[in-house]
C-alpha cells in the first residue's frame with residue numbers, strides 16, 4: 029500500500045513539473061490530473077458495430093460478416109479487435125510512436141481496458157505479447173510503442189506482458205506505401221522466437237495499428253510453429269485496409 033502511495037505521489041509530482049500532454053491536441057492537459065483534455069474526448073472515433081468478426085474493422089454493409097480483406101485472405105491469427113478508427117487518431121499515434129509521447133499510453137491503456145477489457149479477459153490469455161521492433165529502431169526511438177501500450181493494458185487488466193519471447197531479426201522498410209503483397213514479402217523471416225519452449229496456450233498480440241494484418245500474421249506464424257494454440261490481437265487503431 030505504501031509503495032502504491034509513493035508511486036501515485038511521484039506521478040502527480042512529475043505531472044506538475046512536466047505537465048502531461050493531451051493525446052489529441054498535444055497541449056498540457058486541462059483540467060490538471062486528467063489524461064486527456066475534456067474538449068478533446070469526443071475527437072477520437074471508436075470502432076462501432078457492426079464490425080468484422082475476424083479483424084474487428086467497421087463494416088460498411090450491415091449484413092456483412094467479414095470485411096473485404098478478411099474475405100479475400102485467410103489469416104493465421106484467430107481473431108482481433110481494435111479501439112479507434114485510424115483516421116481519427118493518426119496524428120496522435122505518430123507523436124506516440126516517433127515524437128517520444130509515451131505518456132499518451134496512459135489514456136490509451138485506460139480506454140482499451142474499459143472498452144475492450146471484458147472481451148480480452150473472456151479469452152483468458154496467458155500473456156500479452158507486444159509486436160517487437162528492430163533493435164536499431166528501438167535504440168533510435170528509445171522505446172517500443174507496442175511494449176509501452178502492452179504494459180499499460182497488462183497492468184490494468186492483470187495480464188502478464190511477455191516482451192522477450194519474440195524478436196525482430198530483419199530490418200524491414202516502412203509499410204505505409206506498400207501493397208498487401210509487398211507488405212507480406214517485406215515481413216518474410218522478419219521475426220524469430222527467442223525460446224525453444226514457449227509454454228503458453230493463449231496469447232494476445234499487441235500493436236498500435238492494424239491495416240491488412242500482415243504484421244500480426246507474421247508474428248502469429250512464429251507462435252503457431254512454437255505450439256501456441258490460440259492467438260488473438262488487440263490494436264489501438266485499425267485502418268480501412270488496402
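In the numbering used here, the protein residues as written are 29 to 270. Even glycine gets a Cβ: it sits at the ideal position worked out from N, Cα and C.
*Cβ neighbours of residue 226 in the same chain (closer than 8 Å, five flanking residues each side left out)*: 193, 251, 254, 255 and 256
*Which stretch, first to last residue, makes up the alpha helix (DSSP H) that contains residue 113?*
Unbroken run through residue 113 is the beta strand (DSSP E), 107-113; no alpha helix (DSSP H).
*From residue 185 to residue 145, what distance separates their C-alpha atoms?*
7 Å
*So, residue 139 versus residue 111, is the Cβ gap smaller than 8 Å?*
yes
*Tell me residue 155's beta-bridge partners as DSSP assigns them.*
231
*Along the beta strand (DSSP E) that carries residue 264, what are the first and last residues, could you check?*
258-266
_Cβ shell of residue 258 (< 7 Å), same chain only, five flanking positions each side left out_ = 106, 229 and 230
_Excluding the 5 residues flanking residue 137 on each side, which residues of the same chain have their C-beta closer than 7 Å to its C-beta?_
177, 180, 181 and 184
*Where are the beta strand (DSSP E) runs, 3 residues long or more, that stay fully inside the region 147-196, in chain order?*
155-158 and 194-196
*Whole angstroms is fine: what's the gap from residue 266's alpha carbon to residue 238's?*
5 Å
_Beta carbon of residue 218 nearer than 8 Å to that of residue 200_ = yes
_Using a Cβ distance threshold of 8 Å, determine whether the region 76-95 contacts the region 108-122, with at least three qualifying pairs required._
yes
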